[in-house]
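Each remark here refers to the structure printed beneath this line.
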Amino acid sequence: MQEIIININNVSKTYRGNAAPAVSNFSIDVVQGEIFGLLGPNGAGKSTLLNILSGLLPFDTGKISICGRKLPQQLNEIKPLIGVVPQEIALYPSMTAVENLKVFGGFYGLRKKELNRRIDSLIAYFGLAQSKNRWIKTYSGGMKRRINLIAGLLHQPTILFLDEPTVSVDVQSKTLILDNLKEINAQGTTIIYTSHFMEEAEMLCSRVAFIDEGKLLCKGTPNDLIQDSGCENLEALYLKLTGKTLRD
Amino acid sequence: MRKFITLLYKDYLLLIRDMAGLGLMFLMPVALVFLMTFLQNDILGRINETEISVLMLNMDKDELGNSIEKQIADSESFTLTKTEDDENELRLAVARGDYMIGIVIPANISDSIRVNAERSVLRGFSGGIHKNIDSLTIRIYLDPTLKSSFRSTLMSTMKEYTAKTERDFLLQGLITELNKRIPFMLGTIELEGSQVDFDVQYAFKDENAVVPNATQHNVPAWTLFAIFFITLSLSVGLINERKEGSFKRLLTMPCSYFQYLLSKGTIFLMVCLLQFALIFSLGIYLFPHIGLPQLILGKNAWLLLPMCVCSSLAAIGFGIFIGKITTDHQQAAVLAALSVVIFAAIGGIWVPIFTMPEIMKTISQISPLNWGLNGFYDILIRNGNFIDILPECVYSLGFAIICMVIALTYHRTKKL
Chain A
217 MQEIIININN
227 VSKTYRGNAA
237 PAVSNFSIDV
247 VQGEIFGLLG
257 PNGAGKSTLL
267 NILSGLLPFD
277 TGKISICGRK
287 LPQQLNEIKP
297 LIGVVPQEIA
307 LYPSMTAVEN
317 LKVFGGFYGL
327 RKKELNRRID
337 SLIAYFGLAQ
347 SKNRWIKTYS
357 GGMKRRINLI
367 AGLLHQPTIL
377 FLDEPTVSVD
387 VQSKTLILDN
397 LKEINAQGTT
407 IIYTSHFMEE
417 AEMLCSRVAF
427 IDEGKLLCKG
437 TPNDLIQDSG
447 CENLEALYLK
457 LTGKTLRD
Chain B
15 MRKFITLLYK
25 DYLLLIRDMA
35 GLGLMFLMPV
45 ALVFLMTFLQ
55 NDILGRINET
65 EISVLMLNMD
75 KDELGNSIEK
85 QIADSESFTL
95 TKTEDDENEL
105 RLAVARGDYM
115 IGIVIPANIS
125 DSIRVNAERS
135 VLRGFSGGIH
145 KNIDSLTIRI
155 YLDPTLKSSF
165 RSTLMSTMKE
175 YTAKTERDFL
185 LQGLITELNK
195 RIPFMLGTIE
205 LEGSQVDFDV
215 QYAFKDENAV
225 VPNATQHNVP
235 AWTLFAIFFI
245 TLSLSVGLIN
255 ERKEGSFKRL
265 LTMPCSYFQY
275 LLSKGTIFLM
285 VCLLQFALIF
295 SLGIYLFPHI
305 GLPQLILGKN
315 AWLLLPMCVC
325 SSLAAIGFGI
335 FIGKITTDHQ
345 QAAVLAALSV
355 VIFAAIGGIW
365 VPIFTMPEIM
375 KTISQISPLN
385 WGLNGFYDIL
395 IRNGNFIDIL
405 PECVYSLGFA
415 IICMVIALTY
425 HRTKKL
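Put into structure tokens, the structure is as follows:
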């Protein structure tokens, strides 16, 4: 039996000043070793949920456990086990790629030699060896995305939270990122992933959950969901579930 | 410890890559301390050293006229030029700016005073009606740009010698009248020389204390201004990290907000100490070579360090507070720059506190720059000890703690 690595039980979160909850009575389990996709339109509550899981936001009600540890009580024990890749390029523009990675990798107690080895290895793995000593502000969007991803992988986390990692990148960078994510997952890292790109999710995720207005709409493997709904693909199901109304 | 070293490494890199911020923190205060010391030293020099040109038309040629003429000629404050032209020419010469002061001593003024004195004596002895002669006027023309302090100096000199002449004539008249009425002759009655000398000194607790000058004020004042100007770089840096998302990433890592702030505080404390060392070194080693007074540290120079650290912590706390409560870097930059300039203005950095009106003196006490400046004055000018600077240190540390507590409390409610 597969081990549940993340348990989200009836979690709700309402931002101060807002009447409607950003996340409402949300419950899912994520099992070890899977790539779990959180799919939904803008403002559905995906990023809020990832921020809650990574300890950045408190939640109002419900229970969350990650790797058997309770959130937020055991946040300090959870932090070394997770890697977070935010949607924005969370890097220092006036530092080189290596300097950025030394900073972000420096919090996990790795020896200097080991940290440098991992930096070199991941930079080569993501095809950035030639430009590793250039300032981030001189990088293209795709290069920045790759370094943004590496910064969350340096400590070889048990769980990786990815918030739309392929947004605003070219097809080449997107393919490289997705291929590498599959490989990282194959090495044992559980990935929680949010995206707007249904095709990408269908190809990458072992299971997905649709979320809108903070509520869980449905969950399952992409194939099961497509078959059960009678839709042609995940994108058709997505539109069926969330409608065609524009979201802000 | 390794996490803290990583944070220090990060903050060090961010600092040295911010050339504009470094310029603002180091070049601007150095330029200001030079400029302001030169300006103030020049002004003070002119006040102390420049002689004021006086054009005098002495039509009296008698005791009062000659006495005033001699005193002005002997004074170090005035350069006397005598003229035989008429009063109108003298007035025009002052109006043209050829002279700062014009003095017209009318003909026979000494005689008139003498007659008045004799009549006063007669009134005293016989009680008869002996009216004074009207309108004894010495006319003075002033250049409109003349400082009021010089006018006061001139007027006190003139009044002193007019009063002395009047007194001498009165005494002379009294002796003459007495000699008519008593069986023996009185000789001249006169006090030889000045009976009372004035010894004017600055009041210090300690005889080794230093006389204040432009350097003793400007070096600590602009050092404090520089120290507090780090709030701009610090707060904008905090906002940038938040906007770029790197702060969010750090919070998901095994790194607490307190450690994050501690690292920022440590790096910026180093910056403040470097600013202090740089500007004070200029005052001590460079100023004497460029014609400015040397900075004298006083006998308790070691106290400068704790005072500097306390002021620096106040500035760091304030920077963190602004960085936390503002939402974008324009807002932070404007608030930091404006508040530091206001704190400096009311704190006596530009204009000494003693020249301010009472209400401003009261308001100045809320400025952290004022606490720092008072502390530096205690050490540099009054040769104060640790007890003397303790209140300023406590105020500065208290301010730093309040700012930090607000920032930490705000972080609890709004992390990102």
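Residue numbers (the numbering used here), protein chains in the order written: chain A, 217 to 464; chain B, 15 to 430. We put the beta carbon where it would ideally sit given N, CA and C, even for glycine.
The C-beta of Met39(B) comes no closer than 7 angstroms to any C-beta of chain A. Judged by DSSP in its simplified three-state form, Trp364(B) adopts coil rather than helix or strand. In the three-state reduction of the DSSP assignment, Arg334(A) falls in the helix class, which pools H, G and I. Met267(B) belongs to the set of residues whose beta carbon lies under 7 angstroms from a beta carbon in chain A. Residue Thr51(B) holds the alpha-carbon nearest to the alpha-carbon of Leu300(B) among Thr51(B), Trp385(B), Leu29(B), Gly35(B). When secondary structure is reduced to three states using DSSP, Lys338(B) falls in the helix class.
With contacts defined by Cβ atoms closer than 7 angstroms, Tyr175(B) and Ser89(B) do not form a contacting pair.
Using a Cβ distance threshold of 7 angstroms, Ala313(A) and Lys353(A) do not count as a contacting pair.
Nearest Cα to Leu387(B) within the set Gln345(B), Gly331(B), Met321(B): Met321(B). Taking 7 angstroms as the cut-off, the Cβ atoms of Ile244(A) and Ile224(A) count as close. For the set Gly299(A), Arg423(A), Glu448(A), the Cα lying nearest the Cα of Pro438(A) is the one of Arg423(A). For Met419(A), the uninterrupted alpha helix (DSSP H) segment begins and ends at 414-420. Judged by DSSP in its simplified three-state form, Gly436(A) adopts strand.
Interface flag for Ser249(B) against chain A is unset, since no Cβ pair is found closer than 7 angstroms. If you check each beta-carbon in the stretch 295-311 of chain A against every beta-carbon of chain B, the ones closer than 9 angstroms belong to Lys295, Pro296, Ile298, Gly299, Val300, Val301, Pro302, Gln303, Glu304, Ile305, Ala306, Leu307, Tyr308, Pro309, Ser310, Met311.
When Cβ-Cβ separations below 7 angstroms define contact, Val319(A) makes contact with chain B.
Its chain contains no residue whose beta carbon lies nearer than 7 angstroms to that of Ala235(A) once the 5 sequence neighbours on both sides are disregarded. Straight through space, the alpha carbons of Gly251(B) and Tyr271(B) are spaced by roughly 15 angstroms. Note that the stretch 126-134 of chain B does not touch the stretch 98-108 of chain B; fewer than 3 beta-carbon pairs, one per stretch, sit closer than 8 angstroms.
DSSP, read as helix, strand or coil, puts Ser270(B) in coil. Contact between Thr406(A) and Ile375(A) holds: their C-beta atoms lie close to 5 angstroms from each other, under 8 angstroms.
Taking 7 angstroms as the cut-off between beta carbons, the residues of the stretch 238-263 of chain B near chain A are Glu258, Gly259, Ser260, Lys262, Arg263, in sequence order. With a beta-carbon spacing of about 20 angstroms, Asp379(A) and Val319(A) fall beyond the 8 angstroms limit used to define contacts. In this structure, Cys324(B) sits near Ser410(B), with a CB-CB distance shorter than 7 angstroms.
A direct Cα-Cα distance of roughly 31 angstroms separates Gly368(A) from Ala34(B). Membership of Phe92(B) in the beta strand (DSSP E) is indicated by the continuous run 92-96. Contact of Tyr424(B) with chain A by beta-carbon distance below 7 angstroms is absent, the smallest such distance being about 13 angstroms.
The count of Cβ pairs closer than 8 angstroms, one atom from the stretch 366-374 of chain B and one from the stretch 273-289 of chain B, stays below three, leaving the stretches out of contact. For Ile294(A), the CB contacts under 6 angstroms within the same chain, skipping 5 residues up- and downstream, are Ile282, Arg285 in chain order.
Bridge pairing for Asp25(B): absent [DSSP]. Comparing alpha-carbon positions, the option among Pro373(A), Ser389(A), Asn332(A) lying closest to Ser356(A) turns out to be Ser389(A). With a threshold of 7 angstroms between beta carbons, Phe275(A) makes no contact with chain B.
A Cβ-Cβ separation of about 5 angstroms places Leu160(B) in contact with Met114(B) under the 8 angstroms criterion. Using a Cβ-Cβ cut-off of 7 angstroms, Thr369(B) does not count as an interface residue toward chain A, since no Cβ of chain A sits closer than that to its own. Around Phe323(A), the beta-carbon contacts reaching into chain B at under 9 angstroms are Arg16, Lys17, Thr20, Leu21, Leu264, Met267, Pro268, Cys269.
It is roughly 41 angstroms from the alpha-carbon of Leu41(B) to the alpha-carbon of Phe92(B).
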